[in-house]
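Undergrad:
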Amino acid sequence: MNLPLWLIPALPLAGFLLNGSVALFAGWRRARKSTAAWREAHPEDHGHDGDAAAGHGHDDHGHDAHGPSGPFLPYGERLFYGVVGVLSVGLATVVALANAVPYALASTASEGGIGPVVQSVWKWMAAGHVSVEMAFRLDPLSAMMVSFVTFVGLLIHVFSVGYMQDEEGYGRYFAYLNLFMFAMLTLILADSLVVLFIGWEGVGLCSYLLIGYYYDKDFAHAAGKKAFVTNRIGDFGMVLGIFGILALFGTTDFSFVDLAKAGAMNGTASITVYAVCLLLFLGAVGKSAQVPLYVWLPDAMAGPTPVSALIHAATMVTAGVYLVARCSAVFVLAPDALTLVAWVGAGTAVFAATIGLAQNDIKKVLAYSTVSQLGYMFLACGVGAFGVGMFHVFTHAFFKACLFLGSGSVIMAMHHEQDMRAMGGLAPKVKRTYLTMMVATVAIAGIPPLAGFFSKDQILGAAFAGGHLVLFAIGLFTAGMTAFYMFRLARMTFYGEFRGTEEAEKHVHESPATMTVPLIVLAAGSILVGFLGVPEALGGSNRFVSFLAPSLATAHPHHLSHATEYVLMALSVAVAAAGILLAWRWYGQKGATPEVPSAAAQAFYEKSGALGRLVANKWYVDEGIEAAVLSPFRKIGTFLWRGFDSLVIDGIVNASAFLVELTGDLVRFFTTGNVRNYALSFSLGVLVLALYVFLR
Amino acid sequence: MSLELVVFAIASGLAIVSALAMVVVKTPVRSVISLVVTFFALAVLSILLAAPFIAAIQVIVYAGAILVLFLFVVMLLNLTKEAEATDRRPIQKLLGLVSVVALGGLLLGVTLRAGAPPVPAAGGLIPAKDEIPILGRLLFSDYLLAFEALSVLLLLAAVGALVLSKRRFD
Amino acid sequence: MEGAAMNAVVPMTVPLNAFLAVGTILFVIGLAGVLLKRNALSMFLSIELMMNAVNLLFLAYARMRGDASGQMVVFFVIAVAAAEAAVGLAIFVALFRAKRTIDVDQIASLKW
Amino acid sequence: MSDATFALVATGAKILFVWVIALATILPNLVWAERRVAGMIQDRPGPNRVGPFGFFQIIADGTKFFMKESVTPLYVDKLLYNLAPWITLMPGLVTFAVIPFGATLPVTIGGVTREVPLVIADVNIGVLYIFAFTGLGIYGLVLAGWSSNNKYSLMGGLRASAQIISYELSMGFAAAGVFLAAGTLRLAGVVEWQQAHVWNVVPQFVGFLVFLIAAFAETNRLPFDLAEAEEELAGGFHAEYSSFKFGMFFMGEYANLIAASALMATLYFGGWSLPGVTFTGVWGALASVAVFFAKTIGFIFLFLWVRWTFPRFRYDQLMDLGWKFLLPLSFFHLIAVAAFVAAK
């Protein structure tokens, strides 16, 4: 079967258009109908005074029919949205796998891989010597990305069918989700930075739309705006970076990677290479929520949980890592920039992990965990192990999606309670959710032989092998914290006694099959995908990383002896085990109350003093930004307005106006108002210029 | 003397004479008609210059549309003759003539001294047996952006003309 | 018609400078019209003539260089002229409604 | 005989055939045919006194045009008044230069056989050429109306030109579909394409309908003859013309009618070709010429038929039909054709 690549993004786009237009139309009809019903129910507004009581009865009846308790939309309409949404992504998945799997098989079968497949759909624009093709590219990197993005995306669509069933904006939700898939797949499959940028902005837009899904809630649209604005800072760098690439290589399609490998650049100003790398990295920092632009991601949890799983954990936020890996050939030309990437990644990893220690909102913990894991990925890229970084992207997508969806299932079971302090002892009541989430928790904690172990251990190994001992130590420490906060989450949620109200306890229920089946598939994935990249030390051949190698600059930067690797593995497992043990002992014990979920943790917190308070308050980053950036800006703004603008600027303006008036008084004798005079002076001017040019 | 030269002589003579007539005659309608003749002669010259497509476009757009529009406006405003009142701006007239003569002499001197024309580049695009595909490809590749900009300009002009010719502004 | 179209592919017997000269002369005539006519419409017509004179120069140079870009420019000039004529004439109509004349000597409100 | 001389002679012969023989035969006969058809449709004899079937009516009419007193009103703009009929006559005549009227004719002179394409000028801008001259034809009507110095004439001229400008757009878009399908602007190329594939009227029936309606409007024929609506305008743009000059308007109208018919036959009905028939040799060429003229005359009959069966439109209806129905329809048609061509 020979399916063209453009179908992959086009199918979700078609789904978006279909769902979007139907939802718009249905919404418009519903609004019209309810207006008509309201008119009928309030005849007094038309001047009739009599039948008020009957009218109110009618109104009340209407409320019962559309009460918040049951599904908001009729079954048929929900079925339509769900089927269109799932089917479009499902077909895209089929096309993607039909393309990616044969490619991967062929590539791994041949020595050194096979070349990329580039399919140009049309010539998008041409201006001077720059031309941009609307082209899609299938190479190891995009094949890997496209297969897991469509697969995880499909599962999350299925999950959403159940999770969102009570929502008013069911059709809107699926339309946005499909649009997101379209943008994300465009981003991945793009053959040039400009086309990639369509997807880049598209996912940003969808992220904004979906974070603000509950747009009638203040926090939701505030969070959406925060995400949007923060991303703009990164995108600014991204755009400049694209221009920089254009200036460096004269092209924006990914042939510049080969040019960079061959060292064929316009000019040799290394400072430009650094600038381009830093600008592109700024874009990646914004999209992938790294320090200091990470602040939007925790707030993004205001969106529906499947959205958090898909966009803000599994796919979109890894776009930054993808970008760095994609441009790795350029980054290796600027080693210092790469070091910065590593440090930013490591810093983010540890920083976010510490915040994650003290969060009580189940989704917030996962959000900070995501930020921290993204930091790991950048750490891997920064030490030159791009393939390993992408491997972590891959495994992380499975277990983090599973965790988020599991938390969604828990939240649904708890009737939209997200505070872990009000949970506890849920394991027997939501058995399937519990089991799948535990698998993912063990995977993220880095316990062999689950997926997280392989990827994380290789990152640490790469850092160690590259001689970055400090980075290695930070990574190791973070691994311990990861294990701790994840098991803290698990213990607080599933073990011990129920800490919520009795009323809430009675209503706890397992989720429907549309939600648990994706969970099971993802949990299975969390167990299995790690085996794609078993390192040599454990008898594997690290097929995953060697498959990606043709797309990347340096996939195997350093080599360690097997003995060293065994020691490192043991070390990381031990640290993780320590974290787990601590969490197990502190949390989920008898006698926990909603106020003090763990006496031991409380005692530790009181002893830790200022550091503990800092961590508990998320290092006061939001407040810090307020104090360090926003408040000064406001003050500067006030000063500029009162002091500078009204005095200096207005003064200049007034003075120039005065000057103009003065000049005008002088030259107005030339302004006859006669068009022919103007034409004459014009032509005399041309005459003088022509004389100057020709008789020079 | 080749046929080409004869055609050139007739067309260019007609173009210049009717252009002069366009400036000299006092009746706007006749002015417009003279210009139509000029454009027609220019189209013939364009065909001599291996641009039959441009020639046809020129006649369709200029003679067939723009100048008809002019004619409409002339009739709409009922402009029969320019006012015979004496020109109260003799200096303007004098300076204008000076400017015209000087600029004209200068430009003519420059173009005529341009020397022998360079030999057309080998494998150059034109003259070609059928130049329309060449122009089409150029239009949708190198000039695509300009083409898009132009389409916007035409839309704006249509809107602008509508707004300007509205009688009342609501 | 046929003779001319066929001639497109054979070498020229008319010196291209002659075309340049004709173009320049027409341009100058148009300039004279702009500077000397008092009727706004006639001035506008003269401007159209100037543009077409330049078009002729473009075509001549395109022929010299064997480069179709010259014809492309003419194409754009024609299209822009269409837009310009529409707006310009609309302005004249509006002007005439307000002032009952389009003699530019009597329309001189753009002065002190 | 050298090639150049032969080409010159052949072109001259073709010009002679098209303009002198073909047009000069059809044009006057149309006058008679129109009356006969009118009589037929309205169930009355029509001219039948002058010669057999009233055939000499042509001569009587022609004589009348020449012999009547030619009145030139006092306050007309003489130059333009006299120029206008000529301008009107021109587009109908020059159109024939680019319409292929037959297959290639083999001519053997001195043992050398040369293939003569039966089209006067096989230019690569064929259709643009036709539209260019149609555009110029507007001047005849406008100038006739304006120079007559008569408000009815002016109104008729304005109506005619507005109508022609309006319908030229739809006509152009409809025709563009044909050229898009054939991939060339050469009319001979269009005929060859239709010979190789299918008559355009089949895949582009909508385009043909638009073109047909627009052709009626372009030729100022009923039901779109608003420019000369006697009841409203006392004759329209030619109210002040008489005798020979009036006759020229008359001839212009008929020439346009013949040109439009020939064009429709060429664009949509395969021109000189017949499906499944290849015209070779001298006799084949002559047969193809006959086929072409048969198709053209068929369309001419359609024009006459419509004239005597449909009532006249109102002016606002005319403009609505042109701008609000035909133009969008031709847009969509063109887009559909473009999509089809692109998909192929």
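Chains as they are written, first to last, in the working numbering: chain Z, 2 to 697; chain H, 25 to 194; chain A, 952 to 1063; chain B, 15 to 358.
The C-beta atom is built at its ideal place from N, Cα and C for all residues, glycine as well.
1) State the Cα-Cα distance for the pair residue 1 of chain Z and residue 349 of chain B, rounded to the nearest angstrom.
2) Whether or not the stretch 516–530 of chain Z and the stretch 475–486 of chain Z are in contact is what I'm after, with contact meaning three or more pairs of Cβ atoms, one per stretch, closer than 8 angstroms; do they touch?
3) If you follow the alpha helix (DSSP H) that residue 83 of chain H is part of, which residue opens it and which one closes it?
4) List the residues of chain H whose Cβ lies closer than 7 angstroms to the Cβ of residue 146 of chain B, in chain order.
5) Report yes or no: do three or more beta-carbon pairs, one from the stretch 358–373 of chain Z and one from the stretch 324–337 of chain Z, lie closer than 8 angstroms?
6) So, for residue 56 of chain B: in the same chain, excluding its five sequence neighbours on each side, which residues have a beta-carbon less than 7 angstroms away from its beta-carbon?
7) Taking C-alpha atoms, which residue in Z:506, Z:622, Z:591 and Z:364 lies nearest to residue 407 of chain Z?
8) So, are the CB atoms of residue 188 of chain H and residue 1045 of chain A less than 8 angstroms apart?
9) Can you tell me the Cβ-Cβ gap for residue 276 of chain B and residue 310 of chain B, rounded? I've got them flagged as a contact below 8 angstroms.
10) Distance, Cα to Cα, residue 6 of chain Z vs residue 147 of chain Z?
11) As an exercise, report each continuous alpha helix (DSSP H) stretch of at least 4 residues that is fully enclosed by the stretch 268–297 of chain Z, in chain order.
12) Could you check whether the Cβ of residue 1023 of chain A sits closer than 8 angstroms to any Cβ belonging to chain H?
13) Pick from Z:463, Z:392 and Z:447: whose alpha carbon is nearest that of residue 384 of chain Z?
14) Residues in the same chain with beta-carbon distance under 7 angstroms from residue 713 of chain Z, minus the five sequence neighbours each way, listed in chain order, please.
15) Using the three-state DSSP reduction, which class does residue 291 of chain B fall into: helix, strand or coil?
16) Would you say residue 148 of chain H reaches chain A, if we count a Cβ-Cβ gap shorter than 8 angstroms as a contact?
17) Using only the alpha-carbon positions, how far apart do residue 96 of chain B and residue 87 of chain H sit?
18) Just list the residues that DSSP pairs residue 123 of chain B with in beta bridges.
19) I'd like the ranges of any alpha helix (DSSP H) spanning at least 4 consecutive residues and lying wholly in the stretch 193–272 of chain B.
20) Spell out whether any CB of chain Z is found under 8 angstroms from the CB atom of residue 55 of chain H.
21) Name the DSSP beta bridge partners of residue 131 of chain Z, please?
22) At a CB-CB cut-off below 8 angstroms, which residues of chain H make contact with residue 677 of chain Z?
23) For the stretch 332–346 of chain Z and the stretch 374–389 of chain Z, state whether three or more C-beta atom pairs, one from each stretch, are separated by less than 8 angstroms.
24) What in chain H is Cβ-close to residue 695 of chain Z, meaning under 7 angstroms?
25) Taking residue 152 of chain H as the reference, which of H:46, H:73, H:184 and H:43 has the closest Cα?
26) Work out the CA separation of residue 129 of chain B and residue 31 of chain B for me, nearest whole Å.
27) What number of angstroms, rounded off, separates the C-alpha of residue 1053 of chain A from the C-alpha of residue 1043 of chain A?
28) When the cut-off is 8 angstroms and only beta carbons count, does residue 97 of chain Z lie next to chain H?
29) For residue 116 of chain B, does the three-state DSSP call read helix, strand or coil?
30) For a quick check, are the C-beta atoms of residue 42 of chain H and residue 61 of chain H less than 8 angstroms apart?
31) List, in order along the chain, the chain B residues whose C-beta lies closer than 9 angstroms to that of residue 77 of chain H?
32) Is it a yes or a no for the stretch 172–185 of chain B touching the stretch 117–124 of chain H, going by three-plus beta-carbon pairs under 8 angstroms?
33) For a contact defined as C-beta to C-beta under 7 angstroms, what are the partners of residue 154 of chain H on chain B?
34) Which value, in whole angstroms, describes the spacing of the CA atoms of residue 345 of chain Z and residue 502 of chain Z?
35) Helix, strand or coil for residue 132 of chain B per DSSP?
36) Would a check of beta-carbon distances place residue 165 of chain Z closer than 8 angstroms to chain H?
TA: Here's the rundown:
1) Residue 1 of chain Z is absent from the structure shown; chain Z starts at 2 and stops at 697.
2) no
3) Here residue 83 of chain H belongs to no alpha helix (DSSP H), and DSSP marks it neither H nor E.
4) 80, 83, 84 and 88
5) no
6) 322
7) Z:364
8) yes
9) 5 angstroms
10) 11 angstroms
11) 271–288
12) yes
13) Z:463
14) The structure shown does not extend to residue 713 of chain Z, since chain Z spans only 2 to 697, so no value can be given for it.
15) strand
16) Here the model assigns residue 148 of chain H a pLDDT of 47, short of 50, so the residue's position is not dependable, and the following value carries that caveat. At least one chain A Cβ lies under 8 angstroms of residue 148 of chain H.
17) 20 angstroms
18) B:126
19) 201–210, 219–232 and 244–247
20) no
21) Z:128
22) 113, 116 and 120
23) yes
24) 130 and 134
25) H:73
26) 17 angstroms
27) 7 angstroms
28) no
29) strand
30) yes
31) 138, 139, 142 and 199
32) no
33) 138
34) 43 angstroms
35) strand
36) no
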